[in-house]
Amino acid sequence: MISSAAFRFDNSYARELPGFYVACRPAPVPEPRLLFLNHALAQALGLDAEALDGPAGAALFAGNALPEGAQPIAQAYAGHQFGGFSPQLGDGRALLIGEVFDCQGQRRDIAFKGSGRTPFSRGGDGKAAVGPILREVLVGEAMHALGIPTTRALAVAATGEPVYRDRVLPGAVLTRVAASHLRVGTFQYYAARDDAARLRQLLDYAIARHDPALANAPQPALALLDAVAQRQGRLIAQWMNVGFIHGVMNTDNMTISGETIDYGPCAFMEAFDPDTVFSSIDHQGRYAYGNQARIAQWNLARLAEALLPLIVPEGQADDEAAIERAVADATAILETFPARFDAALRAGQRAKLGLREQPAAPDAAPTAPGEDPAAALADDWLALLQRQQVDHTLAWRHLADAAAGDETPLRALFADPAALQPWLARWRALCAAEAPMPAAERAAALRAANPRIIPRNHRVEEALAAASDHGDLGPFERLLTALRQPFADDPALARYAEPAAREITQRYRTFCGT
Ligand code: AMP
Ligand code: MG
474 MISSAAFRFD NSYARELPGF YVACRPAPVP EPRLLFLNHA LAQALGLDAE
524 ALDGPAGAAL FAGNALPEGA QPIAQAYAGH QFGGFSPQLG DGRALLIGEV
574 FDCQGQRRDI AFKGSGRTPF SRGGDGKAAV GPILREVLVG EAMHALGIPT
624 TRALAVAATG EPVYRDRVLP GAVLTRVAAS HLRVGTFQYY AARDDAARLR
674 QLLDYAIARH DPALANAPQP ALALLDAVAQ RQGRLIAQWM NVGFIHGVMN
724 TDNMTISGET IDYGPCAFME AFDPDTVFSS IDHQGRYAYG NQARIAQWNL
774 ARLAEALLPL IVPEGQADDE AAIERAVADA TAILETFPAR FDAALRAGQR
824 AKLGLREQPA APDAAPTAPG EDPAAALADD WLALLQRQQV DHTLAWRHLA
874 DAAAGDETPL RALFADPAAL QPWLARWRAL CAAEAPMPAA ERAAALRAAN
924 PRIIPRNHRV EEALAAASDH GDLGPFERLL TALRQPFADD PALARYAEPA
974 AREITQRYRT FCGT
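Numbering (our numbering), first residue to last: 474 to 987.
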């Protein structure tokens, strides 16, 4: 058994919210083996990484030997999946095992995924396969290195047990670290049951955990809605600026914390096209790249609906005028979302263009592209990339070379590089007018804002296939090393910077992999 000094648990969810979960033990597994341990994250959590990196860690992270103080629970939640409401989803193959404080004093959930059936499992087996679990590791670590809020993988343990999907696959358990696992769907669960008392308890808990400054807000439910809208607006803008497509933005996969969660059929776009969809189950393109901000706002509207009983003043639940006022107040917040998203998107684009930050009021009315030369420049750039089917990541990245005086790598991405010239001239003029600086300085700023290495779909697949089909973790480990240095120019990492052949990308499909 791992000594109790390893995890210092303080399980607020289990303690403060009885009735919001079901206590449940992880299923024992036959042959635990550690496939991955995140040393940096372990240290940030105040854990002894060396002590965990061996058979004791394998037993722990496979769920066979729970650390002292762990209190495994399956959390209840509901959710809109592809627009249809399921009043009961919940942790069907996950368990929150407890909470710890990291070295910064932040409370973090420690949770298993793939640890067996729970009372929420419905028809599922509660298990997970090695491939999708390692995908979650790779994409989560990439997002973290890109500076995007995300849940992260602490460890992966192989179980030595087969899981049955369209074929037999090796099983694994992921240990996931999150600011919390509160979702839009957690609120929906109690709203769907007209349980105003529990809804209020959940609101108080969420505010204490994520927005303690709002504890004394005159309208706490509206204040939380506002805070979540702000965080999600920023998050989705960050996704857009790196070409990330979540793929399954159901309301149970949208956090209150503003972290990206549940890396299922996610993928990064290569050639720029807002209609890009990779998920095999997203037939309508509901969660296409270019729809993500709209969907986030739609999900926030579902959060607003769930919170409505708490927005209507107490004792006025039957007062039509009071309800109307509550709806109007919530709607006013939802309507700020496009401007908030836009402000974050545009701020990110300014950095990606090598321009200086422009202090923008978060609630300011959206500036029409015609009024903001940087926004117009970014829009025209993306249109150019789309017309010529240019790789999104490399195009942005090679602006740095262009700034340093070498346009060759950028021109090489375009079938018709002549079409690029007028845009480059405008870009140079705006840079000179708005943010004059030496060429080397601009190039460095551009390299710090535009990643060279993202999780390329073919590299991810190659790594997962080697691990899952041949038990070879080498490609996974090398890819992970590259993904942790997204802004580096190391020539040794060149193979991770290149896009796949177009035929591969066009046929590429991702699966939920559950
Ligand atoms: P997700 O696709 O991870 O967002 O999961 C959606 C819902 O399906 C959640 O309630 C999960 O717990 C449940 N689920 C997904 N896969 C499984 C599985 N293999 N066994 C049981 N429940 C599952
Ligand atoms: Mg989920």
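Where a beta carbon is used, it is the ideal one built from N, C-alpha and C, also for glycine.
Opening and closing residue of the beta strand (DSSP E) in which residue i lies
| i | result |
| --- | --- |
| Phe555 | From DSSP, Phe555 is part of no beta strand (DSSP E); its letter is neither H nor E. |
| Ile570 | 567–574 |
| Leu619 | Segment: none, Leu619 is in no beta strand (DSSP E) and carries neither H nor E. |
| Gln548 | 546–548 |
| Val502 | Run containing Val502: none; DSSP gives neither H nor E here. |
| Ala496 | 494–496 |
Residues bridged to residue i [DSSP beta-bridge criterion]
| i | result |
| --- | --- |
| Leu647 | Lys586, Val629 |
| Asp864 | Ala744 |
| Tyr637 | Val641 |
| Thr983 | Ser752 |
| Arg465 | Limits of the chain in this structure are 474 at one end and 987 at the other, which puts residue 465 out of reach. |
| Ala602 | Gly644 |
Three-state secondary structure (DSSP) of residue i
| i | result |
| --- | --- |
| Leu855 | helix |
| Tyr760 | coil |
| Ile709 | helix |
| Leu507 | strand |
| Phe660 | helix |
| Ile734 | coil |
| Phe480 | coil |
| Thr724 | helix |
| Ile718 | strand |
| Ala885 | coil |
| Arg975 | helix |
| Ala891 | helix |
| Asp874 | helix |
| Ala702 | helix |
| Gly613 | helix |
| Arg901 | helix |
| Leu687 | helix |
| Arg829 | coil |
| Pro693 | helix |
| Arg915 | helix |
Run of the alpha helix (DSSP H) containing residue i, from where it starts to where it stops
| i | result |
| --- | --- |
| Phe810 | 810–825 |
| Tyr969 | 967–970 |
| Arg539 | Correcting the residue type first, residue 539 is Leu in the shown sequence and not Arg. Element bounds for Leu539: n/a, residue is neither H nor E. |
| Gln516 | 512–517 |
| Ala766 | 765–784 |
| Gly530 | 528–534 |
| Pro948 | 947–956 |
| Ile680 | 669–683 |
| Asp791 | Neither: Asp791 is in no alpha helix (DSSP H) and is coded neither H nor E. |
| Arg932 | 930–943 |
Residues of its chain near residue i, where Cβ-Cβ distance is below 6 Å and the 5 sequence neighbours each way are ignored
| i | result |
| --- | --- |
| Arg704 | Gly731 |
| Leu508 | Val629, Ala631 |
| Glu634 | Val502, Pro503, Gly644 |
| Ala517 | Asp575, Cys576 |
| Arg671 | Tyr663 |
| Gln789 | Ala795 |
Neighbourhood of residue i by C-beta, 7 Å cutoff - its chain only, sequence neighbours within 5 removed
| i | result |
| --- | --- |
| Leu687 | Ile680, Pro693, Ala696, Leu697, Ala700 |
| Ile709 | Gln765, Ala766, Ala769, Phe814 |
| Asn923 | Lys825, Trp869, Arg870, Leu872, Ala873 |
| Phe960 | Arg920, Ala921, Pro924, Arg925 |
| Ala535 | Val502, Pro505, Ala630, Thr632, Val646 |
| Leu858 | Phe745, His865, Ala868 |
| Ala912 | Ala876, Ala877, Gly878 |
Local Cβ density within 10 Å of residue i, reported as buried at 16 or more and exposed below that
| i | result |
| --- | --- |
| Asp889 | exposed |
| Phe493 | buried |
| Tyr762 | buried |
| Ala970 | buried |
| Val863 | buried |
| Arg753 | Position check: residue 753 holds Ser in this sequence, whereas Arg was assumed. So Ser753 counts as exposed. |
| Phe480 | buried |
| Val715 | buried |
| Gln548 | buried |
| Arg498 | exposed |
| Tyr637 | exposed |
| Cys985 | exposed |
| Gln757 | exposed |
| Tyr486 | buried |
| Gln979 | exposed |
| Gln822 | buried |
Neighbour flag for residue i against chain D, beta carbons, 9 Å
| i | result |
| --- | --- |
| Leu828 | The structure shown contains no chain D; it is built from a single protein chain. |
Contacts around residue i, its chain only, beta-carbon distance under 8 Å, and the 5 residues preceding and following it disregarded
| i | result |
| --- | --- |
| Gly599 | Ala500, Gly565, Arg566, Gly587, Ser588, Gly589, Arg590, Thr591 |
| Pro832 | For Pro832, the predicted structure reports a pLDDT of 48, less than 50, and the residue's modelled location is therefore unreliable. A value from the coordinates is still provided. Within the same chain, Pro832 has no close Cβ partners at all. |
| Arg775 | His553, Val657, Gln661, Thr724 |
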